[in-house]
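Q: Quick one: this structure, given as structure tokens, is what I'll be asking you about.
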Amino acid sequence: MTNKTQIVSQSIVSHPRFLNVLVFTAGFVTLGVELTAARLLDPWFGNSILVWAALIGLVLAWLSIGYWLGGRIADRRPQAALLYWIALAAALLVALIPVASRPILQRAALSSLNLENFSAGLLIGSAVAILLLFSLPTLLLGIVSPFAIRLAVSDVNSSGQVAGRLYALSTLGSLLGTFVPVLVLIPAIGARLTFELLAGTLAVVALIGLLLERGRSAAPAALLLPALLGLTWVSGQGAVKPEAGLLHEGESLYNYYQVVQRGPETWLKLNEGIGLHSVYHPQSALSEGIWDYFLVAPLFAEGNQGNDGKKGNATGDVGSMYLVGLAGGTVAQLYTDVYGPIPIDGAELDPEIIAAARSYFHLDDYPNVNAVAADGRSWLAAQPPDRRYSVIAIDAYRPPYIPFQLATVEFFEIVRDHLAADGVVAVNAARSRDDYSLVNALAATMGQVFPSVYVVDESTEGWSLGNSLVVATMQPTTLDDFLANAAALDPAVQPLLSEMAGKAIVTARHADTTGAILTDDKAPIEQIVHGIMLRYFLGS
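For the sequence shown, position 486 matches number 497 in the working numbering, and the numbering has no gaps at all.
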């Protein structure tokens, strides 16, 4: 008669305690791979909520299949050596991810080329890439925990304790795998070498387990280590995302970024590179982009007088500026060139972007610009009440989104509390040729805080997608104030500002403030943008 408390099929495991090490390592590598995968996808698809949804959803799907398969394999062949071979195979596949990623990601991105400005393009393209790159290694990593539980349980009476211990170790490993790649490895060595380090860690643990189970007969498996070293060398070669004119690229805690030379211009591109974040042109003061339109924001304030012949005072007193989203410093440099060396505080979340601005965009040539590596909202909220600015500009734009926390009533209340009595705030917003949903939502939100709100459209000249500037004033004003201030400019004294005022007059208007009001509690920026892109896609 069989004792029901005994496991019927005896597990073959010589060192059951080492299973704890394997389970912990597998948990570490699983989350490490998932989070590093996000950075690997970033240069091609960005890091929008859609890409994260595709990544998390598909990884969970493959882990589920792995859990199911691991339980079945373990019941049929409860052998520790087999589990270590599976872990070794997973390590090899993880090591192959950065080597195979470039052609797969490039083809996945091209396959969704017609949808690249539509949310389905990001979702479909990133899903294809994830299916091709991460399916097998994630599936094999999912096998580890149920297989290890089957091997470790020798008595049904202790099965709950064993399962709880191993799942706790797996979760602790996953916890470590959540923070170490993001906070340490990716900023230090990049995503590609992070994959190789994760693979190497799992491979070493699997090899030790094989040696413990099989002794010298498992020694040939150690030949995989030189193969992993070779893959590590290959992974570190070449640019992450090759591009003509690439001067510099980097992977920081917050972004994948590129500095690209296009003719005489220097461009700053972030993540998937759909939009430009800064432009420097040594022969032209204007950028020929939305940044130039920020110059006209002070003209919407009431009471600006005509020219007095002195640079910086031709349109009234622009005493200081705060810029959220400094990037390469394009807006700050434009304001300095037009309004003089006024004090400018520029917040940029990513310190590596500030370093690139100094190295490639001549930010150090503008000593009046104080670059602050901080979150733009938090930094402004922490300033004393008497720290006020003539102009606050928000250009923290991550195509096609604006960070929601920089678009809410609560944020604009902070802005209001740090504007001068006659100050203005200007926000860069995306739109299509006929769809102003995001622009109108921002205008409606700003209208809850400021008495007068205006919109100026960037000239698209044949483009179907573009940008608008939403401007709000501290004092009640009219469009006639802007027109009078623009008319008072002397092109001989302020040629750049006169040129931009002439362009802005064509589209300047009172804003439509009937859009959705955004709050910290409810700010559906993604849904608004997805709606714009869906309507654009269906219309085209």
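We treat Cβ as the ideally placed atom computed from N, Cα and C, and that holds for glycine.
Quick one: grab the DSSP three-state call for Ser156.
A: Walking along the sequence shown from the start, residue 156 turns up at place 145. If DSSP states are grouped into helix, strand and coil, Ser156 belongs with the helices.
Q: Would you mind reading off the limits of the beta strand (DSSP E) that contains Met511?
A: Along the sequence shown, read from residue 1 onward, the residue named residue 511 stands at position 500. Premise fails: Met511 lies in the alpha helix (DSSP H), 506–516, not in any beta strand (DSSP E).
Q: From what residue to what residue does the beta strand (DSSP E) around Ala440 run?
A: Walking along the sequence shown from the start, residue 440 turns up at place 429. Where Ala440 is concerned, the enclosing beta strand (DSSP E) stretches over 430–443.
Q: With a cut-off of 8 Å on the beta carbons, I'd call Pro487 and Ser448 a contact; round off their distance for me.
A: The residue labelled residue 487 in the question sits at position 476 within the sequence shown. The residue labelled residue 448 in the question sits at position 437 within the sequence shown. With a Cβ gap of about 26 Å, Pro487 and Ser448 do not count as contacting.
Q: For Glu260, which three-state DSSP category applies?
A: Here residue 260 is taken as the residue at index 249 of the sequence shown, counted from 1. Looking at Glu260 - three-state DSSP - the assignment turns out to be strand.
Q: Could you tell me whether the region 431–441 touches the region 478–495, using the rule of 3 or more Cβ pairs below 8 Å?
A: The region 431–441, when compared against the region 478–495, does touch it at the 8 Å Cβ threshold.
Q: Mind listing, in chain order, the continuous alpha helix (DSSP H) runs of no fewer than 4 residues lying wholly within the region 144–230?
A: Counting only runs of 4 or more, we get 170–191, 197–225.
Q: Write down the C-beta distance between Tyr268 and Asp53 rounded to the nearest angstrom, noting that I regard them as a contact closer than 8 Å.
A: Translated into positions along the sequence shown, residue 268 becomes position 257. Translated into positions along the sequence shown, residue 53 becomes position 42. Going by Cβ atoms, the distance from Tyr268 to Asp53 rounds to 10 Å, so no, they are not a contact pair.
Q: Determine the direct distance from the alpha carbon of Thr149 to that of Gly77, and round the result to whole angstroms.
A: Residue 77 sits at position 66 when you count from the first residue of the sequence shown. Residue 149 sits at position 138 when you count from the first residue of the sequence shown. If I take the Cα positions, the gap works out to 8 Å.
Q: Between the alpha carbons of Pro198 and Leu94, how many angstroms are there, rounded?
A: Here residue 198 corresponds to residue number 187 of the sequence shown, with the count starting at 1. Here residue 94 corresponds to residue number 83 of the sequence shown, with the count starting at 1. Near 33 Å, if we compare the C-alpha coordinates of Leu94 and Pro198.
Q: How should Asp468 be labelled, buried or exposed, when 16 other C-beta atoms within 10 angstroms of its C-beta is the threshold for buried?
A: By one-based count along the sequence shown, residue 468 stands at place 457. Result: buried.
Q: Once the 5 residues before and after Lys321 are set aside, which same chain residues still bring their CB inside 8 Å of it?
A: Locating residue 321 in the sequence shown gives position 310, where the first residue counts as 1. Reliability of the predicted coordinates at Lys321 is poor, the pLDDT of 35 falling under 50, and no value is obtained from them.
Q: What are the boundary residues of the beta strand (DSSP E) that Gly77 is part of?
A: On the sequence shown, position 66 is the one that residue 77 refers to. It is not in any beta strand (DSSP E) - Gly77 instead sits in the alpha helix (DSSP H) that spans 60–87.
Q: Thinking just about the alpha-carbon of each residue, which of Phe39, Ala498, Leu194, Leu500 is nearest to the one in Leu180?
A: Locating residue 180 in the sequence shown gives position 169, counting from the first residue. Comparing Cα positions, the closest option is Phe39.
Q: Locate the beta strand (DSSP E) running through Ser289, then write down its first and last residues.
A: Looking up residue 289 in the sequence shown gives position 278. First-last of the beta strand (DSSP E) with Ser289: 287–291.
Q: Here's the rule: buried if 16 or more other CB atoms are within 10 angstroms of the residue's CB, otherwise exposed. What is Asn168?
A: Locating residue 168 in the sequence shown gives position 157, where the first residue counts as 1. It counts as exposed.
Q: Quick one: is Ala418 buried, meaning 16 or more other Cβ sit within 10 Å of its Cβ, or exposed?
A: Start at 1 with the first residue of the sequence shown, and residue 418 comes out as number 407. Buried: at least 16 other Cβ atoms inside 10 Å.
Q: With C-beta atoms as the reference, is Phe145 less than 8 Å away from Trp73?
A: Taking the sequence shown and counting its residues from 1, the one referred to as residue 145 is at position 134. Taking the sequence shown and counting its residues from 1, the one referred to as residue 73 is at position 62. In this structure, Trp73 lies closer than 8 Å to Phe145 by Cβ.
Q: How many angstroms separate the CA atom of Gly201 from the CA atom of Thr525?
A: Here residue 201 is taken as the residue at index 190 of the sequence shown, counted from 1. Here residue 525 is taken as the residue at index 514 of the sequence shown, counted from 1. In a straight line, the C-alpha of Gly201 is about 45 Å away from that of Thr525.
Q: Just how far apart, CA to CA, sit Tyr400 and Leu306?
A: Within the sequence shown, residue 400 is the residue found at index 389, counting from 1. Within the sequence shown, residue 306 is the residue found at index 295, counting from 1. For Tyr400 and Leu306, the distance between alpha carbons rounds to 15 Å.
Q: Since I believe Glu260 is in contact with Asp433 (beta carbons under 8 Å), could you give me their beta-carbon distance rounded to a whole number of angstroms?
A: The residue given as residue 433 occupies position 422 in the sequence shown. The residue given as residue 260 occupies position 249 in the sequence shown. Rounded, the Cβ-Cβ distance is 43 Å, inconsistent with contact.
Q: Would you call the CB atoms of Ala85 and Phe158 closer than 8 Å?
A: Taking the first residue of the sequence shown as 1, we reach residue 85 at position 74. Taking the first residue of the sequence shown as 1, we reach residue 158 at position 147. Their beta carbons are under 8 Å apart, which means Ala85 touches Phe158 by this criterion.
Q: Thinking just about the alpha-carbon of each residue, which of Leu453, Ile539, Val195 is nearest to the one in Ala522?
A: Within the sequence shown, the letter at position 511 stands for residue 522. The candidate whose alpha carbon is nearest that of Ala522 is Leu453.
Q: Rounded to the nearest angstrom, what separates Leu508 and Val349 at their Cα positions?
A: As a position in the sequence shown, residue 508 is number 497, starting the count at 1. As a position in the sequence shown, residue 349 is number 338, starting the count at 1. Roughly 7 Å separates the two Cα atoms.
Q: Given that a residue counts as buried once 16 or more other Cβ atoms are within 10 Å of its Cβ, and exposed if not, what is Ser298?
A: Locating residue 298 in the sequence shown gives position 287, counting from the first residue. By the neighbour-count rule (16 or more Cβ atoms within 10 Å), Ser298 is buried.
Q: Counting only runs of 4+ residues fully inside the region 326–385, write out the alpha helix (DSSP H) ranges in chain order.
A: With a minimum length of 4 residues, the continuous alpha helix (DSSP H) runs that stay inside the region 326–385 are 341–350, 362–371.
Q: Give the C-beta separation of Gly300 and Val290 to the nearest angstrom, bearing in mind that I take them to be a contact with Cβ-Cβ under 8 Å.
A: Reading the sequence shown from its first residue, position 289 is the one you call residue 300. Reading the sequence shown from its first residue, position 279 is the one you call residue 290. Indeed they touch by this definition, with Cβ atoms about 6 Å apart.
Q: Kindly indicate which residue of His373, Ala217, Gly513 has the alpha-carbon position closest to the one of Ala498.
A: Taking the first residue of the sequence shown as 1, we reach residue 498 at position 487. Minimum Cα distance to Ala498 is reached at Gly513.
Q: Taking all protein chains shown into account, decide if Gly387 is buried (16 or more other Cβ within 10 angstroms of its Cβ) or exposed.
A: Position 376 of the sequence shown, counted from the first residue, corresponds to residue 387. Per the 10 Å Cβ criterion, buried.
Q: So, does the region 20–36 touch the region 101–111, judging by three or more C-beta pairs under 8 Å?
A: With the cut-off at 8 Å, the region 20–36 and the region 101–111 do not touch.
Q: State the beta-bridge partners of Glu421 as determined by DSSP.
A: Stepping through the sequence shown from its first residue, residue 421 is reached at position 410. According to DSSP, which records beta bridges pairwise, Glu421 is partnered with nothing at all.
Q: Hey, out of Ile536, Met457, Pro506, Phe493, whose CA is closest to Trp515's CA?
A: Position 504 of the sequence shown, counted from the first residue, corresponds to residue 515. Strictly speaking, residue 515 in this sequence is Ala, with Trp absent from that position. Nearest of Ile536, Met457, Pro506, Phe493 to Ala515, Cα basis: Phe493.
Q: Classify Pro89: buried if its beta carbon has 16 or more other beta carbons within 10 angstroms, exposed otherwise.
A: One-based indexing of the sequence shown puts residue 89 at position 78. It is buried - the Cβ of Pro89 has at least 16 other Cβ atoms within 10 Å.
Q: Would the beta-carbon of Ser263 fall within 8 Å of that of Glu424?
A: The residue labelled residue 263 in the question sits at position 252 within the sequence shown. The residue labelled residue 424 in the question sits at position 413 within the sequence shown. The answer is no: Cβ separation not under 8 Å.
Q: Check each candidate in Asp166, Val329, Arg161, Val193 and name the one with the smallest Cα separation from Tyr178.
A: Within the sequence shown, the letter at position 167 stands for residue 178. Looking at the Cα atoms, Arg161 is the closest of the given residues.
Q: I'd like the span of the beta strand (DSSP E) that includes Thr488, first residue to last.
A: Looking up residue 488 in the sequence shown gives position 477. Run containing Thr488: none; DSSP gives neither H nor E here.
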